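Quick mapping for you: the protein sequence lines, in order, are chains D and E. Counted the way the numbering used here counts, the first sequence spans residues 6 to 111. Counted the way the numbering used here counts, the second sequence spans residues -12 to 155. Every residue gets a Cβ at the ideal spot worked out from N, C-alpha and C, and that includes glycine. The model shown is predicted, which means the values in this text are computed figures rather than measured ones.
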Amino acid sequence: MYYKAVRLSNRLMVYYDLGQGYAYTFLNGIKLYCFDGQKANLIAQKYWGGCDYRIFNEQFAQEQSILMLRGFLEGQLKLQGAQVSDQELTSFARGMVEETRRKQLA
Amino acid sequence: MATLTKAINKNLFDSILPSFGNPRVQIPVWDDSQKMFICDEYESGNGHRYYRGIRFCDRIVIVEKVGLYHSWTYIDSIELYAFNGQKMELIQKRDYDKVFRNEVFIRQESEQMVKDYLTGVMKTQRICTPAEQIAAQASELTNGCYKSFLDPDFNTRLTQILPKLEQH
Chain D
6 MYYKAVRLSN
16 RLMVYYDLGQ
26 GYAYTFLNGI
36 KLYCFDGQKA
46 NLIAQKYWGG
56 CDYRIFNEQF
66 AQEQSILMLR
76 GFLEGQLKLQ
86 GAQVSDQELT
96 SFARGMVEET
106 RRKQLA
Chain E
-12 MATLTKAINK
-2 NLFDSILPSF
8 GNPRVQIPVW
18 DDSQKMFICD
28 EYESGNGHRY
38 YRGIRFCDRI
48 VIVEKVGLYH
58 SWTYIDSIEL
68 YAFNGQKMEL
78 IQKRDYDKVF
88 RNEVFIRQES
98 EQMVKDYLTG
108 VMKTQRICTP
118 AEQIAAQASE
128 LTNGCYKSFL
138 DPDFNTRLTQ
148 ILPKLEQH
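Here it is, written out as structure tokens:
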């Protein structure tokens, strides 16, 4: 059985594509979306499967999301010719992903 | 000085990752995992998402048409373009039906398409070229397209081609 999981904040959406196996839950892919007005734009996508499978682990998924977001930000900044320190870039990416994990119930 | 830098960076980040409802600055998106620029996203009435992915070197451009359905990613077609001055000309195209997108598969298909193009041209011009040489050339061209934009030695001159590609 396959299902999608989504976490969102007001700036980022993180989708996990999960596959339920007999004994394990597999992480098949991660997609990151950002917003442009009220539309969502795909900004990064990574998937696994076949011989290169990943068993779902929250820590791993979070680290991958942070790396993907960092990669996206780095590309955007490079195209704009802007310079931001690596540390600040990573901490911003981490902050964005952690914001999606904040509890939404009031 | 530190607060000024922080303010500048905050504006910068707000423009590339805006909060819901705010417009995003129009800059092409580089996806490092798929090693391509994502453009032309389209959502159909049924909620299916389609996009085009572009990767290129200074001689060829590979355009992937990708479709997303639920949790699966499909490759719909691969197009290969060559340059003629500042314009692009389609030289190879392959369409797929219900094929899952897979990095290795795309790479192999792209390389094969370059090989097919070179072989075809050689035959038309009645030039005899050893198959190994064509294979080596195809491999070199395809690998050139897979260079990450984030690498420090990515030829930034190539990014000037990007706006022209997007218009196409």
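Applying a beta-carbon distance threshold of less than 7 Å, which residues of chain D neighbour residue i?
i: E:Ile3; result: Leu78, Gln81
i: E:Glu76; result: Within 7 Å Cβ-Cβ: nothing; E:Glu76 doesn't reach chain D, min ~26 Å.
i: E:Glu28; result: Asn46, Leu47
i: E:Ile93; result: Under the 7 Å cutoff, chain D gives no residues; its nearest Cβ is about 13 Å from E:Ile93.
i: E:Thr146; result: Leu84
What does residue i touch in chain E if you count any residue whose Cβ is under 8 Å from its own?
i: D:Val89; result: Asn(-4), Leu(-1)
i: D:Glu93; result: Asn(-4)
i: D:Arg16; result: Leu4, Pro5, Ser6, Phe7
i: D:Gly34; result: Ser58, Thr60
Which residues in chain D sit within 8 Å of residue i, going by Cβ to Cβ distance?
i: E:Tyr38; result: Leu47
i: E:Pro10; result: Asp41, Gly42
i: E:Asp103; result: Correct list: empty, because the minimum Cβ distance to chain D is about 26 Å.
i: E:Pro15; result: Leu84
Mapping DSSP to helix, strand and coil, what is residue i?
i: D:Asn62; result: coil
i: D:Asn33; result: strand
i: E:Ala(-6); result: helix
i: E:Cys132; result: helix
i: D:Gly54; result: strand
i: E:Ile114; result: coil
i: D:Ala28; result: coil
i: E:Phe141; result: coil
i: D:Ile48; result: strand
Give the range of the beta strand (DSSP E) segment to which residue i is assigned.
i: D:Met25; result: According to the sequence provided, residue 25 of chain D is Gln. The question's Met does not apply to it. Unbroken beta strand (DSSP E) run through D:Gln25: 17 to 25.
i: E:Lys80; result: 74 to 87
i: D:Arg12; result: 7 to 13
Within 7 Å of any Cβ in chain B, is that where the Cβ of residue i sits?
i: E:Ser31; result: Annotation note: the requested chain B is absent from the structure, which comprises protein chains D and E.
Could you name the residues of chain D that residue i contacts, counting a contact when the two beta carbons are closer than 9 Å?
i: E:Leu137; result: Gly76, Glu79, Gly80, Lys83
i: E:Ile25; result: Asn46, Leu47, Ile48, Ala49, Gln50
Check for me: the alpha helix (DSSP H) holding residue i runs from which residue to which?
i: E:Lys102; result: 90 to 111
i: D:Ala98; result: 91 to 105
Can you list the residues of chain E that residue i reaches, using a CB-CB cut of under 9 Å?
i: D:Met73; result: Asp18, Asp19, Ser20
Which residues in chain E sit within 7 Å of residue i, going by Cβ to Cβ distance?
i: D:Tyr29; result: The contacting residues do not exist; D:Tyr29 stays about 16 Å from chain E at best.
So is the beta-carbon of residue i under 6 Å away from any non-hydrogen atom of the ligand PLP?
i: D:Trp53; result: In the structure shown, the ligand PLP is absent, as is every other ligand, since no ligand is present at all.
For the stretch 40 to 62 of chain D, which residues have a CB atom closer than 9 Å to at least one CB atom of chain E, in sequence order? Going along the stretch 40 to 62 of chain D in chain order, one finds Phe40, Asp41, Gly42, Gln43, Lys44, Ala45, Asn46, Leu47, Ile48, Ala49, Gln50, Lys51, Tyr52, Gly54, Gly55 with a Cβ nearer than 9 Å to chain E.
At 3 residues or longer, what runs of the beta strand (DSSP E) sit wholly inside the stretch 5 to 71 of chain E? Along the length of the stretch 5 to 71 of chain E, whole beta strand (DSSP E) runs at least 3 residues long occupy 16 to 18, 23 to 30, 36 to 43, 47 to 56, 59 to 71, reported in chain order.
Near-chain E residues of the stretch 94 to 107 of chain D (beta-carbon distance less than 8 Å), N- to C-terminal order: Under the 8 Å Cβ criterion, the stretch 94 to 107 of chain D contributes Phe97, Met101.
Contact set between the stretch 106 to 139 of chain E and chain D, restricted to residues whose Cβ is under 7 Å from the partner: Only those residues of the stretch 106 to 139 of chain E whose C-beta falls short of 7 Å from the nearest C-beta of chain D are listed: Phe136, Leu137.
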